[in-house]
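Here is the structure we will look at, set down as structure tokens.
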Amino acid sequence: MSEESLNKNGRTTGLDQMPVTALKGVGSRNSEKLAKIGIRTVQDILFHLPFRYQDRTRVVPIGSLRPGDSVVVEGEIELADIRFGRRRSLLVRLADGSGALTLRFFHFSAAQKSALSRGSCLRCYGEVRPGPAGYEMVHPEYLRITEGESPQVEESLTPVYPTTEGMHQLSWRAMAGRALALLQADPAALPEWLPDELLRRFRLPDLTDALGYLHRPPPDAPQQQLLAGSHPAQQRLAFEELMAHQLSLRETRLRQKHLDAPILSATAEWTRPFLKRLGFSLTDAQRRVLQEIARDLQQPHPMMRLVQGDVGSGKTVVAALAALQALEAGHQVALMAPTELLAEQHLRVFQEWLEPLGLEVAWLTGRHKGKVREQLLDDLRAGRVRIVVGTHALFQADVTFHALGLVIIDEQHRFGVHQRMALREKGSGSALPHQLIMTATPIPRTLAMTAYADLDLSIIDELPPGRTPVATVVIPDSRRAEVVERVRSACVAGRQTYWVCTLIEESEALQCQAAEDTVRMLQEVLPELRIGLVHGRLKPLEKETVMAAFKQAELDLLVATTVIEVGVDVPNASLMIIENPERLGLAQLHQLRGRVGRGAVESHCVLMYHPPLSQHAQQRLGVMRETNDGFLIARKDLELRGPGEVLGTRQTGEMQFRIADLLRDQPLLEEVQQAAQLLLEQYPERVTPLVRRWIGDRQHYINA
Ligand code: ADP
Ligand code: MG
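So this is what it looks like as structure tokens:
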């Protein structure tokens, strides 16, 4: 143990504070390389786990080898020979009495050649493969030994670490070895924050043992389990890390309960006539979620509620009723959507619903400039405008409210935490507005409770009655002519159609180009149809005009880029063609497809791919064909693409794990939540150090 790692009491300083340079052999050059991958302390070294292991703990008889094994063998060279085949190679025949094996070298020096001569004894480590004359090892590691004097084998499995340029496995092994020695000399230098009762209850090994095991597994360790990350020692670390995230988000939520928000009591002044005029009755799921919201709004602390509901589940009317409650209580409401298209649609729906009640709905986006904007800002500040719909323009610094009571955010995935926070700041005095966040991206419940532990969760798990599922087919684009015919007959029969163009490139310009080309092609082959085009580069007014025309059935066919992905509602549209669906994620396809199937007629979706289709893509499109259930699709998406994609921005930066893997460790999530609860209730003093250990500086970011 190095001198500087000891403090006055002869104890090691915390390994979370000890820089990597405290380890012998780690200088400033290595520490810079390590810093690049986020490794700064001895604790970081310990949490940098091997991703696989080699077994050099025993010498295996050559006669018992199987292809694919990576093993140590020993034997005597029977034959060494240079072959001049397609590639010159040195072939060495090694035998140990139980069998023989060929060692094959494509690169070799003269010295090597003479060392590998008949009669010498070798110990080799390498991977066994089938070769033209029995098993072989290509470029094995080898060591010359003296017959009968076999050197010692390794005592534990040999770890292989994920690495960074210029760091060799030998350095990693040495660093991990020294770090382990420090830990084992004084386990208190990396304290166990999980209480005994918890370790016992969930059958988890303690921290020191788990780390010791993973960096130096015994010879009989179950390699398959380690490879899968499901060994108790790994699960224990993942468990702790997930707990730290859970605790950090829960703390954020608890803090909310100490903040002030206006009490918004309903009077039914507007909600009653609103519901009367609505033309349909709410589903049970909508009613339940509304009750949850209504209860929150009457609390003196800010609501932070996420409403999940599949496409078409009717989130907008829930938002409107929440807004009415705030308005009835004399407060202002801001409704924010991620795109102008969507904001415009909300504006129209809210106008249609609220203006008959005598409530004027204002409108603020980036294109409102000059006098109009100033007037609106004045009205918001003075409280003359009570409800405003818009885009991110709503949270610009100069937008202030008289008494903002409720912020509604639609399609939360497009908004980062920072943006939400910016809107929250727009409350009056010390009071913060309540927040209602809506998303159509269904996330499996346990995952949602992990990723959104700072929010309360409501789920609209029911579609309005009378919806027929969208029938989906997957066909190659070589059958384009057939698809065009299908569009013709649908449109002629008065059923409107979407034709969605996608591109790999993020470039919006290219996407628009593709959409324009498609329009020209379709106009040529379908001259009898009225065809419109929307893409991201149209001026907002143009876009609005086209959308309005489509909605009023003045257009038969709407060619679009993925801008129509979220929220657009045209119930008479019942056919959708999606070009190159293999380029999109399942969640996005589900969103797109949700644009049809909104009326009572049976809807169809044609996924027209460009062959050849990878097996993975086939599987994904197969999921789309088989189900319309957004939650099921989300689960599949999670399996096929991993949680990063499914959670969107939430995942990037905000939820990065060192050891845990939300997909692999899903079975732990429920227990993690129970454990977090137990820690909060019975060991509150351990919460902060645990969160700091795993999240460190990022904690600040999450709670920003
Ligand atoms: P989303 O949850 O995808 O935002 P919307 O709020 O746009 O869904 O609702 C989809 C359609 O369903 C809209 O036309 C809406 O008016 C209608 N709708 C919502 N709730 C009901 C209901 N309870 N009964 C019948 N139709 C409903
Ligand atoms: Mg919506």
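The numbering of the sequence shown is my numbering, which starts it at 1248 and goes up by one.
Just so you know, even glycine gets a beta-carbon here, dropped at the ideal spot from N, CA and C.
The structure presented is a predicted model; accordingly, all values stated were derived computationally and were not measured.
Look up S1317 in the DSSP assignment and give the residues it is bridged to.
Translated into the one-based positions of the sequence shown, residue 1317 becomes position 70. E1374.
Less than 8 angstroms between the beta carbons of H1863 and L1887, yes or no?
Mapped onto the sequence shown, residue 1863 falls at position 616. Mapped onto the sequence shown, residue 1887 falls at position 640. Their beta carbons are under 8 angstroms apart, which means H1863 touches L1887 by this criterion.
Please tell me whether, using a cut-off of 7 angstroms, the distance from the CB of D1212 to the nearest non-hydrogen atom of ligand 2 is below it.
Absent from the structure is residue 1212, since the part of the chain shown begins at 1248 and ends at 1951.
Could you check where the alpha helix (DSSP H) with G1246 kicks off and where it finishes?
Missing from the structure shown is residue 1246; the chain here goes from 1248 to 1951 and no further.
At a cut-off of 7 angstroms, is T1762 close to ligand 2 when judged by its beta-carbon and the heavy atoms of the ligand?
Here the question's residue 1762 lines up with position 515 in the sequence shown. It should be noted that the sequence gives Ala, not Thr, for residue 1762. No, ligand 2 has no heavy atom inside 7 angstroms of this Cβ.
What is the rounded straight-line gap between the Cα of G1322 and the Cα of E1439?
Residue mapping note: residue 1322 aligns to position 75 of the sequence shown, counting from 1. Residue mapping note: residue 1439 aligns to position 192 of the sequence shown, counting from 1. Spanning the two alpha carbons is a distance of roughly 47 angstroms.
Is there contact here, the stretch 1491–1498 with the stretch 1461–1480, by at least three beta-carbon pairs under 8 angstroms?
no
Does the beta carbon of T1563 fall short of 7 angstroms from some heavy atom of ligand 2?
For the purposes of this step, residue 1563 is identified with residue 316 of the sequence shown, where counting begins at 1. Answer for T1563: yes, Cβ within range of ligand 2.
Simplified DSSP state of I1880, which is helix, strand or coil:
Residue numbering aside, residue 1880 sits at position 633 when the sequence shown is read from its first letter. Here DSSP, grouped into helix, strand and coil, assigns I1880 to helix.
Spatial neighbours of A1590 in its chain, beta-carbon cut-off 7 angstroms, leaving aside the 5 residues before and after:
Within the sequence shown, residue 1590 is the residue found at index 343, counting from 1. Here the set comprises A1584, T1612, V1636, G1637 and T1638.
Cβ pair I1707, G1869 closer than 8 angstroms
Taking the first residue of the sequence shown as 1, we reach residue 1707 at position 460. Taking the first residue of the sequence shown as 1, we reach residue 1869 at position 622. Not a contact, by the Cβ cut-off of 8 angstroms.
Between I1453 and P1442, what straight-line distance do the alpha-carbon atoms span, to the nearest angstrom?
As a position in the sequence shown, residue 1453 is number 206, starting the count at 1. As a position in the sequence shown, residue 1442 is number 195, starting the count at 1. The residue asked about is misnamed: residue 1453 is Asp in this sequence, not Ile. Whole-angstrom Cα-Cα distance: 10 angstroms.
Alpha carbon of R1911 to alpha carbon of F1878, nearest angstrom
Taking the first residue of the sequence shown as 1, we reach residue 1911 at position 664. Taking the first residue of the sequence shown as 1, we reach residue 1878 at position 631. Going from the Cα of R1911 to the Cα of F1878 covers about 18 angstroms.
Could you check the C-alpha separation between G1783 and L1916 for me, to the nearest Å?
Here residue 1783 is taken as the residue at index 536 of the sequence shown, counted from 1. Here residue 1916 is taken as the residue at index 669 of the sequence shown, counted from 1. Approximately 40 angstroms, taken between the alpha carbons.
Between R1845 and D1816, which are expected to be in contact by the criterion C-beta below 8 angstroms, what is the C-beta distance as a whole number of angstroms?
Taking the sequence shown and counting its residues from 1, one reaches residue 1845 at position 598. Taking the sequence shown and counting its residues from 1, one reaches residue 1816 at position 569. A Cβ-Cβ separation of about 6 angstroms places R1845 in contact with D1816 under the 8 angstroms criterion.
Given a threshold of 16 other Cβ atoms within 10 Å of its Cβ, counted over all protein chains shown, does D1302 qualify as buried or as exposed?
Residue 1302 sits at position 55 when you count from the first residue of the sequence shown. D1302 should be labelled buried.
Residue of D1507, H1578 and V1848 minimising C-alpha distance to H1548
Taking the first residue of the sequence shown as position 1, residue 1548 is located at position 301. Among D1507, H1578 and V1848, the Cα nearest to that of H1548 is on D1507.
Length-filtered (3 minimum) beta strand (DSSP E) runs lying within the stretch 1290–1371
Fully enclosed beta strand (DSSP E) runs of 3 or longer: 1299–1301, 1317–1331, 1335–1342 and 1347–1352.
Considering just the uninterrupted stretch of the beta strand (DSSP E) at G1652, what are its terminal residues?
Here residue 1652 corresponds to residue number 405 of the sequence shown, with the count starting at 1. First-last of the beta strand (DSSP E) with G1652: L1651 to D1657.
For L1802, count the other beta carbons within 10 Å of its own beta carbon; 16 or more makes it buried, fewer makes it exposed. Which is it?
Locating residue 1802 in the sequence shown gives position 555, where the first residue counts as 1. With at least 16 other beta carbons inside 10 angstroms of its own, L1802 counts as buried.
Across which residues does DSSP place P1723 in a beta bridge pair?
Residue 1723 sits at position 476 when you count from the first residue of the sequence shown. Note: P1723 sits in a beta bridge opposite Y1856.
Does the Cβ of I1656 have 16 or more other Cβ atoms within 10 Å, making it buried, or fewer, making it exposed?
As a position in the sequence shown, residue 1656 is number 409, starting the count at 1. Classification of I1656: buried, given that the 10 Å Cβ count is 16 or more.
T1899 burial status per 10 Å Cβ neighbour count (16 or more: buried)
Translated into the one-based positions of the sequence shown, residue 1899 becomes position 652. Interpretation of T1899 is limited by its pLDDT of 41, a score under 50 that renders its predicted location unreliable; no figure is taken from the coordinates.
Could you say which of V1654, E1487, R1742 and E1789 lies nearest to V1938 if we only look at CA atoms?
Within the sequence shown, residue 1938 is the residue found at index 691, counting from 1. Closest by C-alpha distance to V1938, out of V1654, E1487, R1742 and E1789, is E1487.
Option nearest C1371 by Cα separation, candidates G1378, P1377 and L1363
One-based indexing of the sequence shown puts residue 1371 at position 124. If we check each option's Cα against that of C1371, L1363 comes out closest.
Assuming contact is defined by CB atoms lying nearer than 8 angstroms, are C1759 and T1719 in contact in what I supplied?
The residue you call residue 1759 lines up with position 512 of the sequence shown. The residue you call residue 1719 lines up with position 472 of the sequence shown. No, these two residues do not count as a Cβ contact at 8 angstroms.
If F1597 and A1567 are in contact, beta carbons under 8 angstroms, what's the gap, nearest whole angstrom?
Locating residue 1597 in the sequence shown gives position 350, counting from the first residue. Locating residue 1567 in the sequence shown gives position 320, counting from the first residue. Right, their Cβ atoms sit about 6 angstroms apart.
Kindly examine ligand 1 and report whether one of its heavy atoms sits closer than 7 angstroms to the Cβ of A1204.
Here the chain has residues from 1248 to 1951 only, and residue 1204 is not among them.
V1619 burial status per 10 Å Cβ neighbour count (16 or more: buried):
Taking the first residue of the sequence shown as 1, we reach residue 1619 at position 372. Classification of V1619: exposed, given that the 10 Å Cβ count is below 16.
Name, in chain order, the residues that DSSP records as bridge partners for Y1745.
For the purposes of this step, residue 1745 is taken as residue 498 along the sequence shown, with counting starting at 1. DSSP output for Y1745 lists L1805 and M1823 as bridge partner(s).
Residue of P1308, I1510 and Q1572 minimising C-alpha distance to E1516:
Reading the sequence shown from its first residue, position 269 is the one you call residue 1516. Residue Q1572 is the option with its Cα nearest to E1516.
Could you tell me how far apart the beta carbons of L1511 and H1578 are, in whole angstroms, since I believe they sit closer than 8 angstroms?
As a first step, residue 1511 must be located in the sequence shown, where it is residue number 264. As a first step, residue 1578 must be located in the sequence shown, where it is residue number 331. Right, the Cβ-Cβ distance comes to about 6 angstroms (below 8 angstroms), so this counts as a contact.
Considering R1867, what are the terminal residues of the alpha helix (DSSP H) in which it resides?
The count along the sequence shown starts at 1 and reaches residue 1867 at position 620. Looking at the DSSP string, the run of the alpha helix (DSSP H) that includes R1867 is Q1862 to E1873.
Shortest alpha-carbon distance to L1744 belongs to which of F1294, Y1300, L1822 and V1717?
Locating residue 1744 in the sequence shown gives position 497, counting from the first residue. For the sequence presented, residue 1744 should be read as Thr rather than Leu. Checking every option, the nearest Cα to that of T1744 belongs to L1822.
Enumerate in chain order the residues of its own chain whose CB-to-CB distance from C1852 is below 6 angstroms, with the five nearest sequence positions on each side excluded.
Reading the sequence shown from its first residue, position 605 is the one you call residue 1852. Short of 6 angstroms from the beta carbon of C1852, and not among the five residues preceding or following it, lie these beta carbons of its own chain, in chain order: V1717, T1719, M1823 and R1840.
What's the C-alpha gap between A1269 and P1297?
To locate residue 1269, count along the sequence shown from 1; it is residue 22. To locate residue 1297, count along the sequence shown from 1; it is residue 50. Going from the Cα of A1269 to the Cα of P1297 covers about 21 angstroms.
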